[in-house]
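Student:
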Amino acid sequence: MEKQKVKKSVLIRQKKAALREFREENAGNLGQVKAHYRDIPTSPRKMRLIADMIRGKSASLALGALKFEAKIGATYLTSLLKSAIANWQQANSKVDIDSVDLYVKDIFVDGGRMLKRLRPAPQGRGYRVRKRSNHVTIVLDTRDAQ
Numbered sequence: 063m064e065k066q067k068v069k070k071s072v073l074i075r076q077k078k079a080a081l082r083e084f085r086e087e088n089a090g091n092l093g094q095v096k097a098h099y100r101d102i103p104t105s106p107r108k109m110r111l112i113a114d115m116i117r118g119k120s121a122s123l124a125l126g127a128l129k130f131e132a133k134i135g136a137t138y139l140t141s142l143l144k145s146a147i148a149n150w151q152q153a154n155s156k157v158d159i160d161s162v163d164l165y166v167k168d169i170f171v172d173g174g175r176m177l178k179r180l181r182p183a184p185q186g187r188g189y190r191v192r193k194r195s196n197h198v199t200i201v202l203d204t205r206d207a208q
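To convert a position in the sequence shown, counted from 1, into the working numbering, add 62.
Written as C-alpha cells, this is what we have:
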C-alpha cells in the first residue's frame, strides 16, 4: 500500500479546519490565558512591588488598583492586564465576559536585558551604571475553574 502524497496547501487547510473545530468544541471550557510583556525599562525589584499588589485579585479590582497607583510600572501592568483580558475574550468568544469572574491567578517578574553604561567618576575612572529591564508574565483564570 502506497501512501498518497498530499499537497502542502491541502495539509495546511486541513490543520486549520481541525483547529477551528477544536476551538468551537472547547469554547465553553473557560481555560486560563497568559500574556507577556518583555523588556520593560524598569528594575525587576520595583516591578515586583506592584505585581505583589494585584496577585490573586479579580481583574476588575486589579485594574482599579493599578489606575490609582503612582509608580511608573503600574502603567505597563495595566496594559498587560488589558491584553490578558482581550486574550481571554478571544479564546472564549461565545461567553460573555460580564458573566464570569476573572482573577489574576499568577503574575511573575523576571529580569530582562541589562544595558551597561559608564559614568564619569573622579580621577579618570568610570563607574558602571546598570540600566535594568524586566519581563512580566500574567496568568488569568476564572474563579469557577478552581
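Backbone N, C-alpha and C define an ideal beta-carbon position, used for all residues, glycine too.
On a predicted model such as this, the values are computed, not experimentally measured, just so you know.
Put Phe170 into one of helix, strand or coil per three-state DSSP.
Tutor: Three-state result, Phe170: strand.
Student: Shortest alpha-carbon distance to Glu131 belongs to which of Ala113, Arg190, Ile147?
Tutor: Ranking Ala113, Arg190, Ile147 by Cα distance to Glu131 puts Ala113 first.
Student: To which residues of the same chain is Trp150 closer than 7 Å at the C-beta, ignoring the five residues directly before and after it?
Tutor: Answer for Trp150: Val95, Leu164, Leu202, listed in chain order.
Student: Among Ser155, Arg181, Tyr99, Lys78, which one has its Cα closest to the Cα of Leu92?
Tutor: The option with the nearest alpha carbon to Leu92 is Ser155.
Student: When you compare only the Cα positions, how much space is there between Ala207 and Asp158?
Tutor: Because Ala207 sits at a pLDDT of 45, beneath the cut-off of 50, its placement in the model cannot be relied upon, and the following sentence gives the value as read from the coordinates. If I take the Cα positions, the gap works out to 16 Å.
Student: When DSSP labels each residue in this structure, what does Ile175 get in the three-state scheme?
Tutor: Note that residue 175 is Arg in the sequence shown, not Ile. Reduced to three states, the DSSP call for Arg175 is strand.
Student: Let's test the definition: count the other Cβ atoms within 10 Å of the Cβ of Val72 and tell me whether it reaches 16, buried, or not, exposed.
Tutor: Result: exposed.
Student: Could you check which residue in Ser161, Ile147, Arg192 has the C-alpha nearest to that of Arg175?
Tutor: The residue with the shortest Cα to Cα distance from Arg175 is Arg192.
Student: Which residue marks the beginning of the alpha helix (DSSP H) containing Lys144, and which one marks its end?
Tutor: First-last of the alpha helix (DSSP H) with Lys144: 135 to 153.
Student: Taking the alpha-carbon positions, what's the Ala80 to Ala153 distance?
Tutor: Looking at the two C-alpha atoms, the distance is approximately 16 Å.
Student: Taking buried to mean at least 16 other C-beta atoms within 10 Å of its own C-beta, is Asp148 buried or exposed?
Tutor: Here residue 148 is Ala; the residue named in the question, Asp, does not match the sequence. Ala148 should be labelled exposed.
Student: Taking DSSP's pairing of strands, which residues face Arg75 in a bridge?
Tutor: BP columns for Arg75 are empty, so no partner.
Student: What is the DSSP secondary structure of Pro106, reduced to helix, strand or coil?
Tutor: Reduced to three states, the DSSP call for Pro106 is helix.
Student: Spatial neighbours of Ala121 within its chain, please: C-beta separation below 7 Å, excluding the five flanking residues on both sides.
Tutor: Around Ala121: Leu143, Ile147, Leu164, Tyr165, Val166, Leu202.
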